[in-house]
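**Q**
Residue numbers (the working numbering): 79 to 295.
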């Protein structure tokens with residue numbers, strides 16, 4: 079049985095590969111908040127278990143066995159987030175941290191009952207796709223709000239759940255799932271955007287806009 083730390087590495091590699099073609103051990107260490115030598119040691123351990131491959135100058139990639147575990151952990155995490163939000167009423171900026179603990183200990187039986195109780199959701203409270211029980215996952219193609227030009231009208235489809243403070247701010251200004259947004263002004267050099275969110279004008283900084291993903295109307 080893998081440790082929670084090992085599962086976190088596999089999950090993080092999967093997420094990083096969705097963001098960039100190459101995943102370095104340094105990028106892995108930065109995302110997990112560990113020292114580079116620690117990341118290198120874990121990568122070697124997981125490679126020996128045939129859960130990933132590490133090729134010099136090409137980075138780290140999961141094997142089929144490693145990806146299966148990563149998707150199972152992600153499924154647990156996103157199901158738990160959905161259960162906490164929809165059934166227990168936990169705020170969307172608090173479910174991520176709680177799910178980080180639950181994802182490693184959820185049994186197959188509880189996972190199945192949780193999914194059934196939620197009527198088999200396809201996305202979590204932040205709009206991220208939930209992998210199916212057999213490891214299939216939707217490949218949603220949304221665009222980062224920070225990249226949207228002035229004059230465009232978009233709808234919020236997903237937000238990053240990595241930063242609770244940013245999530246609280248997004249909720250306060252109305253940048254939540256399905257919010258209608260019009261980009262009035264975008265100043266990349268200043269890192270700010272002027273938005274009309276569900277009819278209300280807001281000045282939003284780079285941090286929040288980089289955490290929001292949208293579909294153009």
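A virtual CB, placed ideally from N, CA and C, is assigned to each residue, including glycine.
#1: Does DSSP put residue 156 in a helix, in a strand, or in coil?
#2: Using a threshold of 8 Å, state whether the C-beta atoms of residue 139 and residue 95 are closer than that.
#3: Assuming residue 244 and residue 294 form a contact by the criterion Cβ under 8 Å, report the distance between their Cβ atoms to the nearest whole angstrom.
#4: Note down, one range per segment and in chain order, each alpha helix (DSSP H) of at least 4 residues found wholly within the stretch 152-197.
#5: Should residue 137 and residue 90 be called a contact, given that it needs their Cβ atoms to be closer than 8 Å?
#6: At what residues does the alpha helix (DSSP H) containing residue 244 begin and finish?
#7: Can residue 199 and residue 173 be called in contact, C-beta distance under 8 Å?
#8: What is the rounded straight-line gap between the Cα of residue 184 and the Cα of residue 263?
#9: Helix, strand or coil for residue 264? Go by DSSP, reduced to three states.
**A** If we stick to the structure as given:
#1: Helix.
#2: yes
#3: With a Cβ gap of about 22 Å, residue 244 and residue 294 do not count as contacting.
#4: 173-180, 186-195
#5: no
#6: 242-251
#7: Their beta carbons are not under 8 Å apart, which means residue 199 does not touch residue 173 by this criterion.
#8: 45 Å
#9: strand
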